[in-house]
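Asker:
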Amino acid sequence: MSSRSAVQLSAQGISQYYGRFAALDNVDLDVRQGEFLTLLGPSGSGKTTLLMILAGFLSPTSGKLMEQGVDIIKRSAEKRNYGMVFQGYALFPHMSVADNVAYPLRIRKVAGEERLRRVKHILEVVGLGAHMHKKPSELSGGQQQRVAIARALVFEPELLLLDEPLSALDKNLREQLQTELQRIHRQVGTSFVFVTHDQGEALALSSRIAIFNHGKLTQVDTPENIYNRPDSRFVAEFLGKMNLFPLADLTRSGATASGRCGSSVLHALAPNPLSAAQPTVLAVRPEHMELHNECPTRDGYNVMAAQLTDKVYQGSSIHLALKVGGDASPVNLSVPGNHPGALMPSGAPVWLSWPVQQSFLLQA
Ligand SMILES: Nc1ncnc2c1ncn2[C@@H]1O[C@H](COP(=O)(O)OP(=O)(O)O)[C@@H](O)[C@H]1O
Ligand SMILES: [Mg+2]
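At position 282 of the sequence shown (counting the first as 1) the number is 282 in my numbering, and the numbers step up by one without a gap.
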């Protein structure tokens, strides 16, 4: 989905207070036409609260919800025409799959023949065409969740809101359903707003990811941009592993900043002027770092002496922890099992190198 798609729904200045506690604090977030937008954050960060506000089940303390120039914040959930899928399947146990899926159409007084046509179509889309006449109890957890998705899509909602729909499933099933969900999204073209606390799931599925922490929206961007250029330490560390090097005596020349970490001078991309106010750390993802026996000479690379401290066998790879100079925390790194570094004894002196192009600055 193009990042320039039109805005479908715009949450503006949304706050939700419980007493003096801000479950959501002045959140601005657009949902774009046809996108797969994921709300990602630790437990308690306000994701469900925002989803409930989008759905119309919760009226926020303050803020607007603009749809085509109209503030719909006071519009009831029924009048918003959005589909909703929860973690628990919430299917009617006594009804067949077909009747469960037909339910929203009955409420909307869609006539029998048209109703059946739409139910059959959406059950095909979710891959349950052959299970129409079964009861929910005759289906697996993953199949039940697909019924719930079909039921939420059958009335062709303008938006599908999903709150941790895969969290109750075991790992294999969850991965299967992730692929299914992506396909369903492509096929129906409806905008999805999807809540999860699972970073991998967010990276795998989303057009864009909105990251929440303590009720605040901290960053929203494509998975690639969020992963490669997190703009805060929280996002960097929440979304995968990151090695951090505190830098002293920071200077900037062109688009590169340089600073001292122990006895090494390290360089990082610095597209913007340095802010004098706060100390800064150099950040690099472990997969960009290389391990050497001897000091490498490489243009455009940072090079640093290190000492191997720990090795953890992980099957296809070996996790290494290394001590470096300065005030830096231990560096974490994975190498293939047949890498020479994997055979070195703990305490061995080694060298690390990584491209300046993959090094960027974060506030400490
Ligand atoms: N009705 C409520 N009364 C008081 N606190 C609430 C209520 N609903 C949610 N909260 C609090 O708001 C915060 C955000 O909750 P929630 O949106 O459910 O988080 P998430 O979905 O990200 O795990 C949590 O600290 C939660 O305890
Ligand atoms: Mg939640």
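Virtual Cβ for every residue (Gly too), placed ideally from N, Cα, C.
Taking 7 Å as the cut-off, does the CB of K109 come closer than this to any heavy atom belonging to ligand 2?
Answerer: As a first step, residue 109 is located in the sequence shown; it is residue number 109 there, counting from the start. K109: no, Cβ never under 7 Å from ligand 2.
Asker: Verify whether the separation of the beta carbon atoms of L50 and V27 is less than 8 Å.
Answerer: For this step, residue 50 is matched to residue 50 along the sequence shown. For this step, residue 27 is matched to residue 27 along the sequence shown. Yes, these two residues count as a Cβ contact at 8 Å.
Asker: Hey, quick one: how far does the alpha helix (DSSP H) through T38 stretch, first residue to last?
Answerer: Along the sequence shown, one-based indexing puts residue 38 at 38. T38 -> not in any alpha helix (DSSP H); beta strand (DSSP E) instead, spanning F36 to L40.
Asker: Does the distance from the CB of P396 to the CB of N100 come in under 8 Å?
Answerer: The requested residue 396 does not occur in the structure, where the chain is confined to residues 1 to 364.
Asker: Answer with buried or exposed for Y89, where buried requires no fewer than 16 other C-beta atoms within 10 angstroms of its C-beta.
Answerer: Position 89 of the sequence shown holds residue 89. Label assigned to Y89: buried.
Asker: In the DSSP assignment, what are the bridge partners of E290?
Answerer: Walking along the sequence shown from the start, residue 290 turns up at place 290. In the DSSP output, where bridge partners are listed per residue, E290 has S353.
Asker: Regarding V195 and ligand 2, is the C-beta to nearest heavy atom distance less than 7 Å?
Answerer: Along the sequence shown, read from residue 1 onward, the residue named residue 195 stands at position 195. V195 Cβ: within cutoff of ligand 2.
Asker: Could you tell me which uninterrupted alpha helix (DSSP H) segments, each at least 4 residues in length, are contained entirely in the segment 220-268, listed from first to last along the chain?
Answerer: You should have 223-228 and 233-238.
Asker: Given 7 Å as the limit, tell me if Y17 has its C-beta closer than that to any heavy atom belonging to ligand 1.
Answerer: The residue labelled residue 17 in the question sits at position 17 within the sequence shown. Not so, every heavy atom of ligand 1 lies at least 7 Å from the Cβ.
Asker: In the DSSP assignment, what are the bridge partners of A381?
Answerer: Because the chain here runs from 1 to 364, residue 381 falls outside it and cannot be looked at.
Asker: Could you tell me the alpha carbon to alpha carbon distance between W351 and L361, rounded to whole angstroms?
Answerer: Here residue 351 is taken as the residue at index 351 of the sequence shown, counted from 1. Here residue 361 is taken as the residue at index 361 of the sequence shown, counted from 1. Their Cα atoms are separated by approximately 22 Å.
Asker: With H, G and I counted as helix, E and B as strand and the rest as coil, what does DSSP make of I14?
Answerer: Numbered from its first residue, the sequence shown carries residue 14 at position 14. Three-state DSSP puts I14 in a strand.
Asker: In chain order, what residues place their C-beta within less than 6 Å of a heavy atom belonging to ligand 1?
Answerer: Residues with a Cβ closer than 6 Å to any heavy atom of ligand 1, in chain order: Y18, A23, G41, S43, G44, S45, G46, K47, T48 and T49.
Asker: Spatial neighbours of E224 within its chain, please: C-beta separation below 7 Å, excluding the five flanking residues on both sides.
Answerer: In the sequence shown, counting from the first residue as 1, residue 224 sits at position 224. Around E224: no qualifying Cβ.
Asker: What three-state label does DSSP hand G378 in the structure shown?
Answerer: Missing from the structure shown is residue 378; the chain here goes from 1 to 364 and no further.
Asker: Please check the pair L162 and R146, which I expect to be a contact at CB under 8 Å, by giving their CB distance rounded to whole angstroms.
Answerer: For the purposes of this step, residue 162 is taken as the residue at position 162 of the sequence shown. For the purposes of this step, residue 146 is taken as the residue at position 146 of the sequence shown. 12 Å between Cβ atoms; not a contact.
Asker: Just tell me which of L322, G69 and E138 has its CA closest to the CA of H94.
Answerer: Within the sequence shown, numbered from 1, the residue matching residue 94 stands at position 94. Residue E138 is the option with its Cα nearest to H94.
Asker: I'd like to confirm the pairing. Which residues does DSSP put opposite R208 in its beta bridges?
Answerer: Locating residue 208 in the sequence shown gives position 208, counting from the first residue. Its beta-bridge partners are L37.
Asker: Is the segment 163-174 in contact with the segment 185-201, if contact means three or more CB pairs nearer than 8 Å?
Answerer: The segment 163-174, when compared against the segment 185-201, does touch it at the 8 Å Cβ threshold.
Asker: With respect to 7 Å, is the separation between the Cβ of E164 and the closest non-hydrogen atom of ligand 2 below this value?
Answerer: As a working mapping, residue 164 is identified with position 164 in the sequence shown. Under cutoff, so the answer is yes.
Asker: From Q358, I184, K120 and R117, pick the residue whose C-alpha is nearest to that of I149; which is it?
Answerer: Indexing the sequence shown from 1 puts residue 149 at position 149. It is I184.
Asker: DSSP beta-bridge partners for V7?
Answerer: Along the sequence shown, read from residue 1 onward, the residue named residue 7 stands at position 7. Paired residues: R32.
Asker: Take every Cβ of the segment 339-354, pair it with every Cβ of the segment 267-274, and state whether three or more of those distances are shorter than 8 Å.
Answerer: Counting Cβ pairs under 8 Å, fewer than three are found: no touch.
Asker: For the alpha helix (DSSP H) containing N172, list its first residue and its last residue.
Answerer: If you number the sequence shown from 1, residue 172 lands on position 172. From DSSP, the alpha helix (DSSP H) with N172 extends over K171 to V188.
Asker: Using DSSP bridges, identify the partner residues of K191.
Answerer: Walking along the sequence shown from the start, residue 191 turns up at place 191. Position check: residue 191 holds Ser in this sequence, whereas Lys was assumed. S191 is bridged to L159.
Asker: Tell me whether R108 is buried or exposed, calling it buried when 16 or more other Cβ atoms sit within 10 Å of its Cβ.
Answerer: As a first step, residue 108 is located in the sequence shown; it is residue number 108 there, counting from the start. Answer is exposed; the Cβ neighbour count stays below 16.
Asker: Quick check: what's the CA-CA separation for V97 versus G300?
Answerer: Along the sequence shown, read from residue 1 onward, the residue named residue 97 stands at position 97. Along the sequence shown, read from residue 1 onward, the residue named residue 300 stands at position 300. V97 and G300: Cα-Cα distance of roughly 60 Å.
Asker: Return the Cβ separation of P370 and A364 in integer angstroms, given the expectation that the two are a contact with Cβ distance under 8 Å.
Answerer: In the structure displayed, the chain extends from 1 to 364; residue 370 sits before or after that span and is not available.
Asker: What number of angstroms, rounded off, separates the C-alpha of Q16 from the C-alpha of V324?
Answerer: On the sequence shown, residue 16 is found 16 positions in, with the first residue counted as 1. On the sequence shown, residue 324 is found 324 positions in, with the first residue counted as 1. Straight-line Cα distance between these residues: approximately 44 Å.
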